[in-house]
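Engineer: This note's numbering applies: residue 3 is where the sequence shown begins, and numbers increase by one.
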Amino acid sequence: MDIALEKLKERLSAPRLRMPGTLSTYLETGRRFLAWLGNGPPTESDFRKYFIYRRERGISERTLRKEFFHLKKLALANDWGWTFVPEDTPVSEEEPFAPPLMPETIEMLIKAQHLYLKAERFYLAVSTTWGCRREELARIRKRDYDTESILIRTAKHGPRVRHLIPDVLKPIFEAYHPKEHTPTALSIIFRRICNKAGVKVEKGTSFHGARRSLRTLLEWHLADNRLPLSLVADYQGWSKTTKGIVYGGASMLGIYAHPEVVSLDPFSTDRLIYPIHPFLPWWEEALQDERAMISEKPSESPTPS
Numbered sequence: 003m004d005i006a007l008e009k010l011k012e013r014l015s016a017p018r019l020r021m022p023g024t025l026s027t028y029l030e031t032g033r034r035f036l037a038w039l040g041n042g043p044p045t046e047s048d049f050r051k052y053f054i055y056r057r058e059r060g061i062s063e064r065t066l067r068k069e070f071f072h073l074k075k076l077a078l079a080n081d082w083g084w085t086f087v088p089e090d091t092p093v094s095e096e097e098p099f100a101p102p103l104m105p106e107t108i109e110m111l112i113k114a115q116h117l118y119l120k121a122e123r124f125y126l127a128v129s130t131t132w133g134c135r136r137e138e139l140a141r142i143r144k145r146d147y148d149t150e151s152i153l154i155r156t157a158k159h160g161p162r163v164r165h166l167i168p169d170v171l172k173p174i175f176e177a178y179h180p181k182e183h184t185p186t187a188l189s190i191i192f193r194r195i196c197n198k199a200g201v202k203v204e205k206g207t208s209f210h211g212a213r214r215s216l217r218t219l220l221e222w223h224l225a226d227n228r229l230p231l232s233l234v235a236d237y238q239g240w241s242k243t244t245k246g247i248v249y250g251g252a253s254m255l256g257i258y259a260h261p262e263v264v265s266l267d268p269f270s271t272d273r274l275i276y277p278i279h280p281f282l283p284w285w286e287e288a289l290q291d292e293r294a295m296i297s298e299k300p301s302e303s304p305t306p307s
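So this is what it looks like as structure tokens:
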């Protein structure tokens, strides 16, 4: 079945070359399907059974929708029959309608950070600092960050963004080496975080809610400080066309915008955002309290010889 994946890779590489992240995601979906399928070309029934198989294992409709298009590309690349019509496409009911997390809820989650596992603390820190989508959280590997900065591999055709790691969060990043997680696994991690913090998980609530709240609050703070609202788009790695439509009324305005003309500092946006970031002070307070608790613990008496 390696030939089937090679044909998929060829279709995705020419005439238009896809982004490396897009290419690897398609190939991962194809590899998973072929491992389930076994030998021989798939039938329409095989595809249907596979979608049922994935859904029974808790895969979200949003992820299943993406896999639907990935498998369509795999089928077309190999001249397999693909009889499904647009009406057959799984309907996502998650992130597009995900409610924002209220600031007081985010504060509760952050201030309960001492209850979390290293992975839970890491993903909450990334989510509340940069407003990453689940796919972006899932893409993070240890090679993507060092002691000073982290690379976010942005989804939805946005540019990859390298951010400064705030000093307060550096111990969290040093303590955890990201493992491979699916978006569904990250939803489970989010629910665990909420349960430990005593936060009720409402329908549709996810890491994406932090992204929505962060955007809204940053726009308010940017306006208060007479800074351009479009800094949110640069900070969260929006595509140029989306940035142009939202903040200029036309997609080409985003394409023509060149922040590097204002500053050659690759972290200039971070340096403007961090002083007005709504959630970083809560991290500072939470970690300061934790350090104080540790320092107040009585030291162990020496064991008598």
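Backbone N, C-alpha and C fix where the C-beta goes; we use that ideal spot for every residue, glycine too.
As the structure is a prediction and not an experimental result, all values here were calculated from the model.
1) DSSP beta-bridge partners for Arg151?
2) With DSSP run on the structure shown, which of helix, strand or coil describes Asn197?
3) Let me know if Ala114 comes out buried or exposed under the rule of 16 or more other beta-carbons within 10 Å of its beta-carbon.
4) Can you list the alpha helix (DSSP H) stretches of 4 or more residues lying completely in the region 10 to 43, in chain order?
5) Since Leu274 and Leu219 should fall inside the 8 Å C-beta cutoff, what is the C-beta to C-beta distance between them, to a whole number of angstroms?
6) Rounding to the nearest angstrom, what Cα-Cα distance links Arg20 and Ser215 in this structure?
7) So, at 8 Å on beta carbons, what are the nonlocal neighbours of Arg293 in its own chain, with the 5 sequence-adjacent residues on each side left out?
8) How many Å lie between Leu103 and Leu111 at the Cα?
9) In the structure shown, what three-state DSSP assignment does Lys242 receive?
10) Mind checking Val163: buried by the 16 CB within 10 Å criterion, or exposed?
11) Locate the alpha helix (DSSP H) running through Lys181, then write down its first and last residues.
12) Could you check what DSSP says for Met110 in three-state terms: helix, strand or coil?
13) Please confirm whether Gly32 and Leu66 have their CB atoms less than 8 Å apart.
14) Could you name the residues of the same chain whose beta carbon sits closer than 7 Å to that of Trp84, not counting the 5 residues immediately before and after it, in chain order?
15) Leaving out five residues on either side along the sequence, give the residues of the same chain with a beta carbon under 6 Å from the beta carbon of His159.
Structural biologist: Let me lay it out:
1) According to the sequence provided, residue 151 is Ser. The question's Arg does not apply to it. Leu166.
2) DSSP, read as helix, strand or coil, puts Asn197 in helix.
3) With 16 or more Cβ atoms within 10 Å of its Cβ, Ala114 is classed as buried.
4) Within the region 10 to 43, the complete alpha helix (DSSP H) runs of at least 4 residues are 22 to 39.
5) Their Cβ separation, rounded to whole angstroms, is 15 Å, which puts Leu274 and Leu219 out of contact at 8 Å.
6) Separation of Arg20 and Ser215 (C-alpha to C-alpha, rounded to the nearest whole angstrom) is 31 Å.
7) There are no such residues.
8) Using only the alpha carbons, I get a separation of about 10 Å.
9) Helix at Lys242.
10) Counting Cβ neighbours within 10 Å, Val163 comes out buried, since at least 16 surround it.
11) From DSSP, Lys181 is part of no alpha helix (DSSP H); its letter is neither H nor E.
12) Helix, per DSSP.
13) When the beta-carbon positions are compared, Gly32 and Leu66 stay at least 8 Å from each other.
14) Here Trp84 has Lys74, Ala77, Leu78 as same chain residues with Cβ atoms under 7 Å from its own Cβ, once five neighbours each way along the sequence are excluded.
15) Excluding sequence positions up to five before and after His159, its CB lies within less than 6 Å of the CB of Ser241, all in the same chain and listed in chain order.
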